[in-house]
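One structure is given here, and the rest of the page talks about it.
In the working numbering, the protein residues as written are 1 to 248.
If you want it as structure tokens, here you go:
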């Protein structure tokens, strides 16, 4: 609880800094995003073998590891690069939506293919090969810090899925409204899911129960969280526009 530097740390910094950079030009945001995403790949060789004793400035900003008694899993700068990249994509969707939909699909396919090539090669861009057999091992990428292959794989899948979800939203608007509730209460969802899934794991059994139990636990948690998130969203919407509740 007290020495874990996780996802909320990186998200908080990324949102605050990206907000301050929102007036930058698209070209500047693109260059910044690419540079920050590549930082772990550039600096990792310098600190290889020192993951348990990284300088605090490096661990908090660039490379995951242990430093000054802290376990740092989400260094800020690579995730800031993804956030500013998302800011750039959002700007394109607002200004040229048709072009943005086409770009999302083609860019996503290209990134997914690039991730597979990087993983197949197992060299630069992977921050080391994760041990494991079969297709699951092959599709396991280094996340702490986010390797280039990890970023390309996940960003690629998300971008490819955007046109699909857009089609579903138009064909089945009722179903998409159900899912939007989670996104409108995302921080509340994150905090609540820690408690809900910890409780479900104790009820449904210890770790190692197999994929069917995991899927059952996942679905049950989403069903429990939906009315909670819906209530919180309605409560948040009832508060003044400058209310602190709206940040959560």
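C-beta: ideal position from N, C-alpha, C; glycine also.
For the alpha helix (DSSP H) that residue i lies in, which residues bound it at each end?
i           : result
residue 122 : Segment: none, residue 122 is in no alpha helix (DSSP H) and carries neither H nor E.
residue 138 : 134-138
residue 40  : 26-43
For residue i versus residue j, is the C-beta distance shorter than 8 Å?
i           : j           : result
residue 63  : residue 186 : no
residue 156 : residue 115 : yes
residue 103 : residue 40  : no
residue 74  : residue 6   : yes
residue 14  : residue 120 : no
residue 45  : residue 105 : no
residue 32  : residue 84  : yes
residue 196 : residue 224 : yes
residue 61  : residue 87  : no
residue 36  : residue 69  : no
residue 148 : residue 183 : no
residue 221 : residue 159 : no
residue 91  : residue 25  : no
With DSSP as the reference, identify every bridge partner of residue i, one or two as the case may be.
i          : result
residue 72 : 5 and 65
In whole angstroms, give me the CA-to-CA distance for residue i and residue j.
i           : j           : result
residue 38  : residue 153 : 15 Å
residue 136 : residue 238 : 45 Å
residue 232 : residue 133 : 43 Å
residue 229 : residue 213 : 24 Å
residue 22  : residue 89  : 12 Å
residue 141 : residue 150 : 5 Å
residue 261 : residue 198 : Residue 261 lies beyond the range of the chain shown here (1 to 248); nothing can be said about it.
residue 244 : residue 16  : 15 Å
residue 3   : residue 59  : 13 Å
residue 71  : residue 43  : 19 Å
residue 227 : residue 192 : 12 Å
residue 194 : residue 248 : 15 Å
residue 179 : residue 169 : 10 Å
residue 161 : residue 18  : 24 Å
residue 129 : residue 174 : 42 Å
residue 49  : residue 55  : 13 Å
residue 28  : residue 34  : 10 Å
residue 65  : residue 57  : 11 Å
residue 216 : residue 235 : 29 Å
residue 9   : residue 188 : 16 Å
residue 118 : residue 139 : 11 Å
residue 52  : residue 67  : 7 Å
Could you check whether the Cβ of residue i sits closer than 7 Å to any heavy atom belonging to the ligand HEM?
i           : result
residue 241 : The model depicted lacks the ligand HEM and carries no ligand whatsoever.
Contiguous alpha helix (DSSP H) assignments of at least 4 residues, all confined to the segment 148-214: Fully enclosed alpha helix (DSSP H) runs of 4 or longer: 148-171, 173-184 and 186-204.
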